[in-house]
Amino acid sequence: MLRREHKVSNISSEAIFAIPAMKPGRVVLAIVFCLVLILSDIRYETSKHFRSYSHDLLKPLYLLVELPFQVSDSIVDFFSSREELSNRVMSLEDELIKLKTITQYIENMSSDNTELNSLWDSAKFSKDNYLIAEKYSLSPNIFQPSLVLKISTQSNIQKNDPVLAETGLVGRIKGIGYGNAEVMLVQDVRSIVPVVSETSQLQGTLKGNGLGRYGELQYVKKTASFKEGETLYTSGLAEIFPKGAIVGRIISINNPIDSEFLEVKVEFSQSPSNKNFFLIYNDA
Amino acid sequence: MRNSRKNKVWIYLSLIVAISFDLFLLPDSVISWKPLFTLLFLIYWNMALPDKVGIFEALFFGVVLDLSTGTVLGLHAVMFVLITYICQRFFYQFRVSPIWQQATILFFLFFVFKQVFAFDLYSLQKDSLIDSSYMLTSFIFALSSAFVWPLVFFILRGYRRKQIRY
Numbered sequence: 001m002l003r004r005e006h007k008v009s010n011i012s013s014e015a016i017f018a019i020p021a022m023k024p025g026r027v028v029l030a031i032v033f034c035l036v037l038i039l040s041d042i043r044y045e046t047s048k049h050f051r052s053y054s055h056d057l058l059k060p061l062y063l064l065v066e067l068p069f070q071v072s073d074s075i076v077d078f079f080s081s082r083e084e085l086s087n088r089v090m091s092l093e094d095e096l097i098k099l100k101t102i103t104q105y106i107e108n109m110s111s112d113n114t115e116l117n118s119l120w121d122s123a124k125f126s127k128d129n130y131l132i133a134e135k136y137s138l139s140p141n142i143f144q145p146s147l148v149l150k151i152s153t154q155s156n157i158q159k160n161d162p163v164l165a166e167t168g169l170v171g172r173i174k175g176i177g178y179g180n181a182e183v184m185l186v187q188d189v190r191s192i193v194p195v196v197s198e199t200s201q202l203q204g205t206l207k208g209n210g211l212g213r214y215g216e217l218q219y220v221k222k223t224a225s226f227k228e229g230e231t232l233y234t235s236g237l238a239e240i241f242p243k244g245a246i247v248g249r250i251i252s253i254n255n256p257i258d259s260e261f262l263e264v265k266v267e268f269s270q271s272p273s274n275k276n277f278f279l280i281y282n283d284a
Numbered sequence: 285m286r287n288s289r290k291n292k293v294w295i296y297l298s299l300i301v302a303i304s305f306d307l308f309l310l311p312d313s314v315i316s317w318k319p320l321f322t323l324l325f326l327i328y329w330n331m332a333l334p335d336k337v338g339i340f341e342a343l344f345f346g347v348v349l350d351l352s353t354g355t356v357l358g359l360h361a362v363m364f365v366l367i368t369y370i371c372q373r374f375f376y377q378f379r380v381s382p383i384w385q386q387a388t389i390l391f392f393l394f395f396v397f398k399q400v401f402a403f404d405l406y407s408l409q410k411d412s413l414i415d416s417s418y419m420l421t422s423f424i425f426a427l428s429s430a431f432v433w434p435l436v437f438f439i440l441r442g443y444r445r446k447q448i449r450y
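Chains A and B, in that order, give the protein sequences.
Numbered according to this note's numbering, the first sequence spans residues 1 to 284.
Numbered according to this note's numbering, the second sequence spans residues 285 to 450.
What follows is the structure, given as C-alpha cells:
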C-alpha cells in the first residue's frame, strides 16, 4: 500500500484506511457532462453517427462469450459416431423427399390458378430483396430496445430498411456499423408505424410502448369502428415499411371519459427475444 | 509494470467481463429483469477499493453501456456516477454491514435505478411510462440483483485477494 494513497499510523506504520471521499466538485462536473450528453442526444441525436460502430468494438467480447459454447458444440460434433451421422443423413433425405413432393404439389396448384398466383406475387415482395441476418444481441432496455444484427460488409443495407420475421414486422434499421446493423424495434417508444386494420380497413398509427408491453394506436376518434381481435398490417403510407406486413392484433378497445380519443391496445405479432434470424427487406 | 497499474488492469478486466455478461450471456427471455452486473461490479470495487475506482470508471462504463444498449447517451453514465458517489460517500458504513443488509440496500438502489429508465425522454410531454407491470418488472429486477449480490461479492473478493497487490 502506498503511503500517499492512505493515511498511515505513525505508531504502528499500518494503513488507517482513511480514504477521502470523491470530491463533490468532480461529481457535479461529471453529472453536468452527462446531462450535456443526454440533452444533445435527445435534441440532435448526436450518438446516431457512432452508436453502430460501438457494436463493432464490442465484437471481440461477443466472440469471447460465444467461444465456450462453440468449443463445446464442436467437441460434441467431433465425438458423435459415424452411425449417428449416417442415420441423420438418412432421415434428412427422407425429409427432403417429402418436401420435394409437397413443393411439387404446391407448384401444380399454383400453375392451375395463375390469376391467384399473380395476385399473390403482386401483394408480396420479391425474394431477391430479402437478406437474412443473424441476431448479434438484444439490449436489456425495455423502452428503447435495440436489436443488433450481423450483416455482411458487402451488403447494401440502408438506414430505414424494414426488418421482418416470419410472424411479422420487427422494426427498421436505425444505424449501420462495419459488420452490424442496429434495428429500432416496433416496440420501441420512439417507433411509430402506419397501419391499416384487416376487416374495418381503418388507418392509424401504432406507437410502441416497450418490449413485452402492448402497443397503442394513436389518435383514434371515438367514432372509429375498430374491432377487438382485428389484425393490423402496415399501410405503407410513410413509405418506410412495405405495405401488407403483419404488425399485430387489437387486444382491447377502451373509451376513456377524460379523453377525446379511444384507447386501442395492440399486441405485437412477434418478439425478437426468441428468434435468432431475421429478414432485412431492401427495395433499392 | 507497477502494482497500481496492474491492479487497474485487473479491475478493468472484471468490469469488461461484467459488460459481456450484461450484453451477451443471459438469454433474452429474462432480459427485463436480469441483474445489471456492470453496476454490481462497480459497486463492489467502489466499496472494496474506493481509491482505485472512481468517477472516470463510472462515466466510461456508463457511456459504453449507453452506446451498446441503445439508451439515451449519458443516462447510464449519470446513474453510475451518482451511485458511485453514494457508495464512496457511505462506504465505511456499507462495507462493515452484514451481507444481507448490503443486499437490502442494493435492492432499493436498483429499484430506484430502474425507475429512471421509464421516463420517455423523447416524448414532448416527458411522460413517465411507469405502470403496474413496470413496477413488478422493477421489483423482480431489484430482487434478482439483490440475490446475485452475495455471489458477486464473494467471487470478486476472492478475485481481489488473488490478483490485487498492494
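Beta carbons: idealized from backbone N, C-alpha and C, even for Gly.
Bear in mind the structure is a predicted one, so any value in this text is a computation, not a measurement.
query: From asparagine 452 of chain B to arginine 449 of chain B, what does the alpha carbon distance come to, in whole angstroms?
result: With chain B covering only 285 through 450, there is no way to say anything about residue 452 of chain B.
query: Looking at C-alpha atoms only, which residue of B:Tyr443, B:Phe403, B:Phe305 and B:Leu320 is the closest neighbour of glutamine 144 of chain A?
result: Translated into positions along the first sequence, residue 144 of chain A becomes position 144. Taking only the C-alpha atoms, the option nearest glutamine 144 of chain A is B:Phe403.
- request: Starting from methionine 419 of chain B, follow the alpha helix (DSSP H) in both directions and report where the run begins and ends.
  value: If you number the second sequence from 1, residue 419 of chain B lands on position 135. For methionine 419 of chain B, the enclosing alpha helix (DSSP H) covers residues 416 to 447.
message: Between leucine 119 of chain A and chain B, is the shortest Cβ-Cβ distance under 9 Å, so that the two count as touching?
response: Numbered from its first residue, the first sequence carries residue 119 of chain A at position 119. For leucine 119 of chain A, the predicted model reports a pLDDT of 42, less than 50, meaning its position is unreliable; a value from the coordinates is still stated below. No, leucine 119 of chain A lies away from the interface with chain B (no Cβ there is under 9 Å from its Cβ).
message: Does the CB of glutamine 377 of chain B have a neighbour CB from chain A at under 9 Å?
response: Residue 377 of chain B sits at position 93 when you count from the first residue of the second sequence. For glutamine 377 of chain B, the closest Cβ of chain A is not nearer than 9 Å.
task: With 9 Å as the threshold, decide whether the Cβ of arginine 172 of chain A is near any Cβ in chain B.
output: For the purposes of this step, residue 172 of chain A is taken as residue 172 along the first sequence, with counting starting at 1. Residue contact with chain B for arginine 172 of chain A: absent (no Cβ-Cβ distance below 9 Å to any residue of chain B).
field: Boundaries of the beta strand (DSSP E) in which isoleucine 315 of chain B is found, first to last residue
entry: Counting from 1 along the second sequence, the entry for residue 315 of chain B is found at position 31. It is not in any beta strand (DSSP E) - isoleucine 315 of chain B carries neither H nor E in the DSSP assignment.
task: Grab the span of the alpha helix (DSSP H) containing phenylalanine 375 of chain B for me, first residue to last.
output: Taking the second sequence and counting its residues from 1, the one referred to as residue 375 of chain B is at position 91. Residues 375 to 380.
task: Pair every Cβ in the region 424 to 432 of chain B with every Cβ in the region 199 to 207 of chain A, then say whether three or more of these pairs are closer than 8 Å.
output: The region 424 to 432 of chain B vs the region 199 to 207 of chain A: no contact.
- request: May I ask you to report which of helix, strand or coil DSSP gives glutamate 45 of chain A?
  value: Residue mapping note: residue 45 of chain A aligns to position 45 of the first sequence, counting from 1. Coil, per DSSP.
field: Environment of histidine 55 of chain A [buried if 16+ CB atoms lie within 10 Å]
entry: Locating residue 55 of chain A in the first sequence gives position 55, where the first residue counts as 1. Around the Cβ of histidine 55 of chain A, a 10 Å sphere holds 16 or more other Cβ atoms; the residue is buried.
query: Is alanine 123 of chain A buried or exposed, if buried means 16 or more other CB atoms sit within 10 Å of its CB?
result: Mapped onto the first sequence, residue 123 of chain A falls at position 123. Below a pLDDT of 50, predicted positions are generally treated as unreliable, and alanine 123 of chain A, at 46, falls in that range; the measurement from the model is reported next regardless. By the 10 Å Cβ count, alanine 123 of chain A comes out exposed.
task: Kindly list, in the order they appear in chain A, the residues whose Cβ is closer than 9 Å to that of serine 417 of chain B.
output: Reading the second sequence from its first residue, position 133 is the one you call residue 417 of chain B. In chain order: Gly212 and Arg213.
Amino acids of chain B, ordered along the chain, whose beta-carbon sits closer than 7 Å to that of tyrosine 44 of chain A: Working through the first sequence from its first residue, we reach residue 44 of chain A at position 44. For tyrosine 44 of chain A, there are no neighbours in chain B by C-beta distance under 7 Å, as the nearest C-beta there is about 11 Å away.
- prompt: So is aspartate 258 of chain A buried or exposed if we call it buried at 16+ other beta carbons inside 10 Å?
  reply: For the purposes of this step, residue 258 of chain A is taken as residue 258 along the first sequence, with counting starting at 1. With fewer than 16 other Cβ atoms inside 10 Å of its own Cβ, aspartate 258 of chain A counts as exposed.
- prompt: By the 10 Å Cβ neighbour count, where 16 or more other Cβ atoms means buried, how is arginine 445 of chain B classified, buried or exposed?
  reply: Along the second sequence, read from residue 1 onward, the residue named residue 445 of chain B stands at position 161. Arginine 445 of chain B should be labelled exposed.
task: Answer yes or no: does any C-beta atom of chain A fall closer than 9 Å to that of tryptophan 294 of chain B?
output: Looking up residue 294 of chain B in the second sequence gives position 10. Not closer than 9 Å to any Cβ of chain A, the Cβ of tryptophan 294 of chain B fails to qualify, so no.
- request: Taking only the alpha-carbon atoms, compute the straight-line gap between arginine 51 of chain A and histidine 360 of chain B and give it to the nearest angstrom.
  value: The sequence position of residue 51 of chain A within the first sequence is 51, counting from 1. The sequence position of residue 360 of chain B within the second sequence is 76, counting from 1. Whole-angstrom Cα-Cα distance: 15 Å.
- prompt: If you compare alpha carbons, which of B:Phe374, B:Gly358 and B:Leu333 is closest to phenylalanine 345 of chain B?
  reply: Here residue 345 of chain B corresponds to residue number 61 of the second sequence, with the count starting at 1. In terms of Cα proximity to phenylalanine 345 of chain B, the closest of B:Phe374, B:Gly358 and B:Leu333 is B:Gly358.
message: Considering only their Cβ atoms, is the gap separating valine 189 of chain A from glycine 210 of chain A smaller than 9 Å?
response: Position 210 of the first sequence, counting from 1, holds the residue named residue 210 of chain A. Position 189 of the first sequence, counting from 1, holds the residue named residue 189 of chain A. Yes. Within cutoff.
query: Applying the criterion that 16 or more other CB atoms from any shown protein chain within 10 Å of the CB defines a buried residue, is leucine 58 of chain A buried or exposed?
result: Along the first sequence, one-based indexing puts residue 58 of chain A at 58. Buried, because 16 or more other Cβ atoms sit within 10 Å of the Cβ of leucine 58 of chain A.
query: Using the rule of at least 16 other Cβ atoms within 10 Å of the residue's Cβ for burial, across every protein chain shown, is glutamate 115 of chain A buried or exposed?
result: Taking the first sequence and counting its residues from 1, one reaches residue 115 of chain A at position 115. Because glutamate 115 of chain A carries a pLDDT of 49, less than 50, the predicted location of this residue cannot be relied on, and the following value inherits that uncertainty. The residue is exposed, with fewer than 16 neighbouring Cβ atoms inside 10 Å.
query: Using a Cβ cut-off of 8 Å, which residues of the region 44 to 65 of chain A contact any Cβ in chain B, in chain order?
result: Listed by position along the chain: Thr46, Ser47, Phe50, Arg51, Ser54, His55, Leu58, Leu61, Tyr62, Leu64 and Val65.
message: Against chain B, with Cβ distances strictly below 9 Å, would histidine 145 of chain A count as a contact?
response: As a working mapping, residue 145 of chain A is identified with position 145 in the first sequence. Here residue 145 of chain A turns out to be proline, not histidine, going by the sequence shown. Cβ-Cβ to chain B under 9 Å: yes for proline 145 of chain A.
Residues that methionine 184 of chain A bridges to, as DSSP identifies them: Indexing the first sequence from 1 puts residue 184 of chain A at position 184. Paired residues: A:Ser146 and A:Arg172.
Residues of the region 170 to 197 of chain A whose Cβ lies closer than 9 Å to any Cβ of chain B, in chain order: Hits within the stretch, in order: Lys174, Glu182, Met184, Asp188, Val189 and Arg190.
task: Measure from the alpha carbon of alanine 224 of chain A to the alpha carbon of each residue in A:Ile246, A:Ser91, A:Glu260 and A:Gly236, then state which is nearest.
output: Numbered from its first residue, the first sequence carries residue 224 of chain A at position 224. The candidate whose alpha carbon is nearest that of alanine 224 of chain A is A:Glu260.
message: Just to confirm my understanding: we take glycine 177 of chain A, look at its own chain, exclude 5 residues before and 5 after, and list those with CB closer than 7 Å. What are they?
response: As a first step, residue 177 of chain A is located in the first sequence; it is residue number 177 there, counting from the start. Correct list, in chain order: Ser52, Tyr53, His55 and Asp56.
field: Where proline 68 of chain A falls, given that 16 or more other Cβ within 10 Å makes a residue buried
entry: Numbered from its first residue, the first sequence carries residue 68 of chain A at position 68. Proline 68 of chain A comes out exposed.
8 Å Cβ cut-off: residues of chain A touching phenylalanine 401 of chain B: Here residue 401 of chain B refers to the residue found at position 117 of the second sequence. Residues of chain A passing the Cβ test: Asn141, Ile142 and Phe143.
message: Counting only C-beta atoms, is isoleucine 315 of chain B closer than 9 Å to chain A at any point?
response: Along the second sequence, read from residue 1 onward, the residue named residue 315 of chain B stands at position 31. Output row for isoleucine 315 of chain B: interface = yes.
- request: Using only alpha-carbon positions, find the residue among A:Pro242, A:Ser271 and A:His49 that is nearest to glycine 248 of chain A.
  value: Residue 248 of chain A sits at position 248 when you count from the first residue of the first sequence. Nearest C-alpha to glycine 248 of chain A: A:Ser271.
task: Starting from arginine 289 of chain B, trace the alpha helix (DSSP H) both ways and give me its first and last residue.
output: Residue numbering aside, residue 289 of chain B sits at position 5 when the second sequence is read from its first letter. Where arginine 289 of chain B is concerned, the enclosing alpha helix (DSSP H) starts and stops at 287 to 304.
Alpha carbon of glutamate 166 of chain A to alpha carbon of tyrosine 44 of chain A, nearest angstrom: Locating residue 166 of chain A in the first sequence gives position 166, where the first residue counts as 1. Locating residue 44 of chain A in the first sequence gives position 44, where the first residue counts as 1. The straight-line gap from Cα to Cα measures roughly 35 Å.
query: Which stretch, first to last residue, makes up the beta strand (DSSP E) that contains isoleucine 339 of chain B?
result: Residue numbering aside, residue 339 of chain B sits at position 55 when the second sequence is read from its first letter. Counting along the chain, isoleucine 339 of chain B falls outside any beta strand (DSSP E), though it belongs to the alpha helix (DSSP H) covering 339 to 353.
- request: List the whole-angstrom C-beta distance separating phenylalanine 277 of chain A from glutamate 95 of chain A, where the pair is believed to meet the contact cut-off of C-beta under 8 Å.
  value: Position 277 of the first sequence, counting from 1, holds the residue named residue 277 of chain A. Position 95 of the first sequence, counting from 1, holds the residue named residue 95 of chain A. Contact flag wrong, Cβ pair sits at about 20 Å.
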